[in-house]
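Data first, discussion second: the structure below is written as structure tokens.
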Amino acid sequence: MVSSHRLPPVQKRINQDGGNCVEWSPASVATAGAVPVRDSKHPDGPALRFGPGVWAAFVSAVRRDGFTGV
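Going letter by letter, the sequence shown gives residues 0 to 69 in numbering that gives the first Met the number 0.
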């Protein structure tokens, strides 16, 4: 789901060499039941919203290098 809502002020940033960053708001899980994720270069742009379980699985896969060769 895409949302144009602004993220709450508490954010985490995940980045990679080259400035490819995404920001996400863990505080939104408690209030909205979803994790909004956006491009840090476009803070006023839309945010993708993921369920907490889906986001946790994605982060876990990234941490264990689960996307090698993709």
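Every residue, glycine too, gets a C-beta built ideally from N, C-alpha and C.
- A direct Cα-to-Cα measurement between W23 and P35 gives close to 6 Å.
- The beta-carbon separation of A33 and S27, rounded to 6 Å, stays under the 8 Å limit for a contact.
- Partner residues in the beta bridge of P35, as assigned by DSSP, are R48.
- R63 counts as exposed, since fewer than 16 other C-beta atoms from the protein chains shown sit within 10 angstroms of its C-beta.
- CA-CA distance, L47 to S59, rounds to 18 Å.
- When P45, R37 and P25 are compared, the shortest CA-CA separation from N19 is found for R37.
- Put simply, of A56, V53, P45 and P51 the residue whose alpha carbon is nearest the alpha carbon of V21 is P45.
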